[in-house]
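Heads up, the thing below is written out as structure tokens.
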Amino acid sequence: MIASVPKEAVPGERRVALVPDLVPRLAKAGLEVIVEAGAGVAAGFLDRDYAENGARIEQEVIEKADILLKVQPPAAVEIARMREGLTLIGFLQPYRNGIEIRALAERKATAFSMELMPRIARAQSMDALSAMSTLAGYKAVLIAANRLPKFFPLLMTAAGTMTPARVLVIGAGVAGLQAIGTARRLGAVVEAYDTRPAVKEQVESLGGKFVELGLDTKNSEAKTGYAKAQSEEFYQRQQERLSKFVAGADAIITTALVPGQRAPLLVTEEMVRGMRPGAVIVDLAAEEGGNCALTQPDQEVERHGVVIIGPVNLASTVPFHASQMYARTVTNFLAHLLKDGRIHLDLNDELTRGPMVTHQGEILFHPGRSG
Ligand code: NAD
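Mind the numbering: the sequence shown is residues 61 to 431 in our numbering, read in order.
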């Protein structure tokens, strides 16, 4: 079987779905690996690195694929080039890509969406979302530090003593915890809040202070480990009680998400108005509607003296390690699907069935299924 790795077509996407080091693993599993010329260049992986590891470099790879490894969802023109019945693995963003998912079903593709990987112990090494969140949390802090008109650390110099920056992290999941660790390493004083009370200990172990809002959060975590949506009334009370902490922060990193839903609105315009001039908000939920009311996806805006940045696809700005981590999760998943060099599907296995969005002409993904 041929496993193909195309160059990603989405503008600005610098990651690649397979790195040279992992080619021998697929070859050993019985696959022939074809990589599109230049596919890894933007991430720092050259054609010759792939070739030295046993891949063939070609110009057109999509049409030859029995297994297609991608980062971004395929566009209609790419789907049109696919063989019928191929296996596709990538971030397919099924919540917002209904048309492409239908086209994949018509192509009789067996398509797996890495963001639907179940959160079970067996799937931990295949958890691409967590891997990308780690990168985003790290980079968000660097963006905030770069934009803040202050130092992050406490500095005692001959020219005086500079107090450390105060960073507030809202949403302390994978990205938030990485943001806390990164901000601490830069010397900031860090506070963090999450609706899931289980997070408190993790925040403290990273040197952050957990913010207690005194809200009823008994029912905040789904069986999947993700947050559950809360009532409007809850969000309103959350905003009121967070205001004081928001006003005291120099930099805020927001990461709060609820799968399949608009991101919860946690920082209102009124709260931004109460912040210090020069303060920075980096909103990692920008693509899902934003945790701050003033966030514009992929833009930086300045309101009431506060800079609000809504970066999208931060993982792609660290493409070398993002590709390495993503490729590792994808090959681990592919290894799970392979038996004697062929795709072997056990539809009763939740690890196989969970991320599957199309199979034998049918759409298996229905919004609201996970979370
Ligand atoms: P996520 O990206 O969906 O959400 C980010 C964070 O926002 C979560 O911690 C969530 O609780 C929080 N949040 C949601 N609504 C909020 C609100 N109104 N106010 C404040 N915070 C809010 O989640 P994630 O970071 O991918 O993962 C969440 C947790 O799942 C992790 O911390 C981890 O414990 C668990 N997890 C388990 C596995 C596994 O078992 N394989 C893998 C990854 C993560």
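Beta carbons are placed, not taken as given, at the ideal position from N, Cα and C, and that holds for glycine. This structure is a prediction, so every number in the text was calculated from the model and none was measured.
Pull the bridge partners of residue i from the DSSP assignment, please.
i      : result
SER220 : The identity of residue 220 in the sequence shown is Gly, whereas the question assumes Ser. According to DSSP, GLY220 bridges with THR217.
THR277 : BP columns for THR277 are empty, so no partner.
MET416 : PHE172
GLY150 : SER173
GLU92  : ILE62
ARG108 : According to DSSP, ARG108 bridges with nothing at all.
ASP343 : THR314
GLU118 : GLU96
LEU269 : Sequence inspection shows Lys at residue 269; the Leu mentioned does not correspond to that position. Bridge partners of LYS269: GLU251.
VAL306 : None, per the DSSP bridge assignment.
ILE127 : ALA63 and THR147
ILE368 : ILE341 and VAL361
ALA353 : Paired residue(s): none; ALA353 is not in a bridge.
ALA6   : The structure shown does not extend to residue 6, since the chain is modelled only from 61 to 431, so the question has no answer here.
ALA287 : GLU281
GLU422 : HIS419
What residue range does the beta strand (DSSP E) around residue i cover?
i      : result
LEU462 : Because the chain in this structure spans residues 61 to 431, residue 462 falls outside the shown range and cannot be described.
ARG363 : 360–363
ILE180 : Taken as a continuous stretch (DSSP letters only), ILE180 belongs to no beta strand (DSSP E), as it is neither H nor E.
TYR253 : 249–253
LEU374 : That residue, LEU374, is in no beta strand (DSSP E); it is neither H nor E in DSSP.
VAL70  : Counting along the chain, VAL70 falls outside any beta strand (DSSP E), and DSSP gives it neither H nor E.
ASP228 : Reading off the sequence, residue 228 comes out as Leu, not Asp. Taken as a continuous stretch (DSSP letters only), the beta strand (DSSP E) holding LEU228 covers 226–230.
Assuming residue i and residue j make a contact with CB atoms under 8 Å, what is their CB distance in whole Å?
i      : j      : result
MET174 : THR389 : 7 Å
VAL65  : VAL95  : 5 Å
TYR286 : LEU325 : Going by Cβ atoms, the distance from TYR286 to LEU325 rounds to 18 Å, so no, they are not a contact pair.
GLN299 : MET331 : 7 Å
PRO84  : GLY414 : About 28 Å; that fails the 8 Å criterion.
ILE403 : ILE159 : Between ILE159 and ILE403 the Cβ distance is about 25 Å, and since that is not below 8 Å, they are no contact.
PRO371 : ALA346 : 7 Å
LEU195 : ALA382 : 5 Å
PRO170 : THR418 : Rather than Pro, the amino acid found at residue 170 in this sequence is Thr. Right, their Cβ atoms sit about 7 Å apart.
ALA252 : VAL271 : 7 Å
ALA307 : GLY334 : 4 Å
In the DSSP assignment, the alpha helix (DSSP H) including residue i goes from what residue to what residue?
i      : result
HIS381 : 379–397
LEU164 : 158–166
THR242 : 234–245
LEU405 : Neither: LEU405 is in no alpha helix (DSSP H) and is coded neither H nor E.
ARG333 : 329–333
MET137 : The question names Met, but residue 137 is Val in the sequence shown. It spans 136–140 - the alpha helix (DSSP H) in which VAL137 sits, taken as one unbroken run.
Could you work out which residue in the options is closest to residue i when comparing CA atoms only?
i      : options                           : result
GLU92  : GLU118, GLU281 and LEU424         : GLU118
ALA339 : LEU326, PRO324, ILE312 and ALA140 : ILE312
LYS210 : THR223, ILE122, THR255 and ALA323 : THR223
MET216 : ALA205, GLY247, ILE203 and LEU189 : GLY247
GLN132 : ARG244, GLU112, ALA89 and LEU78   : LEU78
ILE240 : PHE151, GLY220 and ALA205         : ALA205
ALA181 : GLU410, PRO371 and PHE425         : GLU410
GLY114 : GLN153, ARG301 and ALA89          : ALA89
LYS130 : ILE149, GLU112 and ARG143         : ILE149
GLY197 : GLN420, ALA395, GLY274 and VAL378 : VAL378
VAL229 : ALA200, LEU82, ASN373 and LEU208  : ALA200
ARG74  : ALA99, ALA87 and GLY350           : ALA99
LEU189 : VAL417, LEU398 and MET385         : MET385
GLU120 : ARG108, ARG143 and ARG333         : ARG143
VAL361 : HIS426, THR194 and ARG207         : ARG207
ARG336 : ASN392, ALA140 and ARG226         : ARG226
GLN153 : MET416, ARG116, MET61 and ALA218  : MET416
LYS269 : ASP81, ALA243 and GLN290          : ALA243
LEU424 : ALA111, LEU164, ALA87 and ALA191  : LEU164
ALA135 : LEU275, SER265, ARG162 and LEU202 : ARG162
SER265 : ASP81, VAL250 and THR277          : VAL250
GLU166 : THR412, ARG156 and ALA140         : ALA140
VAL76  : MET61, ALA103 and GLY421          : ALA103
ARG256 : GLY267, ASN392, ALA289 and GLN238 : ALA289
VAL367 : ASP310, ASN373, LEU394 and LEU407 : ASP310
PHE433 : ILE203, SER291 and SER185         : Within the shown structure, residues of the chain are numbered from 61 to 431, placing residue 433 beyond reach of any answer.
LYS304 : VAL327, LEU82, LYS283 and THR284  : VAL327
LEU275 : GLN262, ARG297 and ALA258         : ARG297
SER185 : LEU397, PHE393 and LYS399         : PHE393
So, does the CB of residue i fall closer than 7 Å to a CB anywhere in chain C?
i      : result
LEU128 : Among the protein chains of the structure shown there is no chain C, as only one such chain exists.
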